[in-house]
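Asks: Handing you a structure now.
Numbering (my numbering), first residue to last: 7 to 225.
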């Protein structure tokens with residue numbers, strides 16, 4: 007028996023939307039675990055984060071949170087240090103510096119952030135400034151899009167973002183380590199650790215959303 011093909015453009019029902027959201031959360035959990043085990047997959051995490059949290063009005067693309075109808079109702083954990091516009095130093099609010107015998111790097115503090123955590127609505131969370139070096143300023147949403155759109159293959163932009171280049175490859179944040187032999191090593195790219203920390207925040211958001219019953223009608 008031949009089944010009847012689905013109508014083109016059929017809208018997903020509430021159950022299908024919830025299942026799609028849950029799959030993305032599970033994918034994010036798996037990618038986060040693989041990243042923690044040493045895999046260089048932060049671009050894949052960024053694509054999932056974009057799908058979950060970022061609307062794109064120019065293409066009428068809605069995030070999964072918006073599609074679920076909860077984007078304006080829920081709160082998201084922020085582990086970022088508050089941005090001070092009067093501070094002339096570089097801002098590196100999501101990640102920490104790690105120095106040991108193996109070298110220097112940026113790492114995601116996950117639940118050990120010295121800034122603790124505070125809850126924000128989704129828009130404030132996306133527009134919170136998390137990185138700043140010289141004239142280059144990145145909100146949390148900018149960080150997600152910089153990686154998802156330029157390295158993860160989603161809506162690829164041919165014009166390489168100068169700010170992303172300066173922070174990722176030109177050590178715009180200015181952190182380096184001086185070894186006894188006089189060798190200087192830059193800490194490198196802060197974006198992988200920043201994406202991992204954002205994934206931590208979103209997974210905490212998911213736990214809070216479910217605990218508060220926002221998805222009860224979908225499951």
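Even for Gly, the Cβ is constructed at its ideal location relative to N, Cα and C.
Within the continuous beta strand (DSSP E) that includes residue 81, where are the two ends?
Replies: Run containing residue 81: 81–84, per the beta strand (DSSP E) assignment.
Asks: Check whether the Cβ of residue 23 lies closer than 7 Å to any heavy atom of the ligand COA, and answer yes or no.
Replies: For the structure depicted, the ligand COA is absent and the ligand set is empty, with no information on it obtainable.
Asks: Going by beta carbon distance, what residues of the same chain come within less than 8 Å of residue 58, once the five residues before and after it are set aside?
Replies: Contacts found: 27, 30, 31, 34, 69, 70, 71, 208.
Asks: Using alpha carbons as the reference points, say which of 82, 77, 56, 168 lies closest to residue 213.
Replies: Comparing Cα-Cα distances from residue 213 to each of 82, 77, 56, 168, the minimum goes to 82.
Asks: Could you compute how far the alpha carbon of residue 41 sits from the alpha carbon of residue 48?
Replies: About 7 Å.
Asks: Is it the case that the stretch 124–135 contacts the stretch 184–199, given that we only count it when at least three CB pairs across the two stretches are under 8 Å?
Replies: The stretch 184–199 is not in contact with the stretch 124–135.
Asks: For residue 92, name the three-state secondary structure that DSSP assigns.
Replies: Here residue 92 sits in coil by DSSP.
Asks: Apply the 10 Å Cβ neighbour rule to residue 84 and answer buried if 16 or more other Cβ atoms are within range, or exposed otherwise.
Replies: Classification for residue 84: buried.
Asks: I'd like to confirm the pairing. Which residues does DSSP put opposite residue 135 in its beta bridges?
Replies: The partner list for residue 135 (beta bridge, DSSP) reads 145.
Asks: Could you tell me if residue 22 is buried or exposed, where buried requires 16 or more neighbouring beta carbons within 10 angstroms of its beta carbon?
Replies: With fewer than 16 other Cβ atoms within 10 Å, it is exposed.
Asks: What do you reckon, are the CB atoms on residue 135 and residue 145 nearer than 8 Å?
Replies: In contact: residue 135 and residue 145 (Cβ atoms closer than 8 Å).
Asks: In the DSSP assignment, find the beta strand (DSSP E) that holds residue 103 and state where it starts and stops.
Replies: First-last of the beta strand (DSSP E) with residue 103: 102–106.
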